[in-house]
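Following: one structure in structure tokens, then a few remarks.
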């Protein structure tokens, strides 16, 4: 009798988790760059009452008799599919069309995000809404990247001293991620290029808040590059990638989680009623 109680409790627990995940998805339906998650259930160990037996001269084989002990959460699987594009017209709003993540330096560590709502701060650094500095590469006079990652900065003289006294009048970001400055001497110069990170298993990334991710033991090592290099996507300036939450699917999941919770609670109340009848047998 206690097996049914424990199975019902496990059902309450996992369906509550499904409600939590679904509620978080719905809450972030309009969050830039958000990736929805789904819950995956699996059964727990089963109690063996009778083992299987092979056939012999007297009779044929028999199957095992087992009673399940409930359900457990197997995984929360992140959907890394592309979200829809929202045109904003702001030069610093960036979207990756394809695979990859922007690289951001924040809190002394390297994080990754699909949310490209960037802006330049008072020092000229390209930053995320939370203040993380967007990473990229310095470019030489031929437009080739040099060295390791740097903070993307509009102060081009710090990156390309050869510019001299020319002053920047405007800038743009191309589909290849290159920050191109227009100067008052009439020359357009490539200042820096955005870095794009890729992983063998992006579903294995760890969420750390602010729509950012951290490398984990199962995501694979980060593979850094630039837009349109290898399998990495291209940059769309003046647009943002919206959440990939499917509200119709999420409301369906709400119903499933609710009914699963109700059914599990009914198992508990029914088991309690049977136990009560058992206790009353001697009265």
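In full-length UniProt numbering, the protein residues as written are 1 to 283. Heads up, the beta-carbon is just placed ideally off N, CA and C, and yes, glycines get one too. Small disclaimer: the values here were computed from a predicted structure and weren't measured.
Range covered by the alpha helix (DSSP H) that runs through residue i
i: residue 16; result: 2 to 27
i: residue 261; result: 247 to 279
Reduced DSSP secondary structure (H/G/I, E/B, other) of residue i
i: residue 97; result: strand
i: residue 168; result: strand
i: residue 242; result: coil
i: residue 61; result: coil
i: residue 178; result: strand
i: residue 282; result: helix
i: residue 147; result: strand
i: residue 220; result: coil
i: residue 68; result: strand
i: residue 158; result: Low local confidence applies: a pLDDT of 41 at residue 158 is under 50, so the model's placement there is unreliable, with the coordinate-based value given in what follows. If DSSP states are grouped into helix, strand and coil, residue 158 belongs with the helices.
i: residue 204; result: helix
i: residue 30; result: coil
Cβ-based burial, residue i [other Cβ within 10 Å; buried from 16]
i: residue 95; result: buried
i: residue 170; result: exposed
i: residue 143; result: exposed
i: residue 15; result: buried
i: residue 251; result: exposed
i: residue 114; result: buried
i: residue 161; result: Bear in mind that a pLDDT of 48 at residue 161, under 50, signals an unreliable position, so the number given afterwards is only what the model happens to contain. Residue 161 should be labelled exposed.
i: residue 89; result: exposed
i: residue 116; result: buried
i: residue 255; result: exposed
i: residue 159; result: Reliability of the predicted coordinates at residue 159 is poor, the pLDDT of 44 falling under 50, and the value obtained from them is presented with this limitation in mind. By the 10 Å Cβ count, residue 159 comes out buried.
i: residue 193; result: buried
i: residue 227; result: buried
i: residue 64; result: exposed
i: residue 273; result: exposed
i: residue 236; result: buried
Delimiting residues of the beta strand (DSSP E) encompassing residue i
i: residue 188; result: 188 to 194
i: residue 114; result: First-last for residue 114: undefined, no H or E at that position.
i: residue 73; result: 71 to 78
i: residue 134; result: 133 to 139
i: residue 236; result: 234 to 237
i: residue 214; result: 212 to 214
i: residue 85; result: 85 to 87
i: residue 40; result: 37 to 43
i: residue 49; result: 46 to 50
C-beta atoms of residue i and residue j nearer than 9 Å
i: residue 196; j: residue 100; result: yes
i: residue 215; j: residue 137; result: no
i: residue 37; j: residue 56; result: no
i: residue 118; j: residue 103; result: no
i: residue 46; j: residue 66; result: yes
i: residue 154; j: residue 186; result: no
i: residue 244; j: residue 79; result: yes
i: residue 84; j: residue 212; result: no
i: residue 8; j: residue 271; result: yes
i: residue 240; j: residue 33; result: yes
i: residue 223; j: residue 200; result: yes
i: residue 150; j: residue 92; result: no
Residue i at chain C interface by Cβ criterion, 9 Å
i: residue 82; result: Absent from the structure: chain C. Only one protein chain is present.
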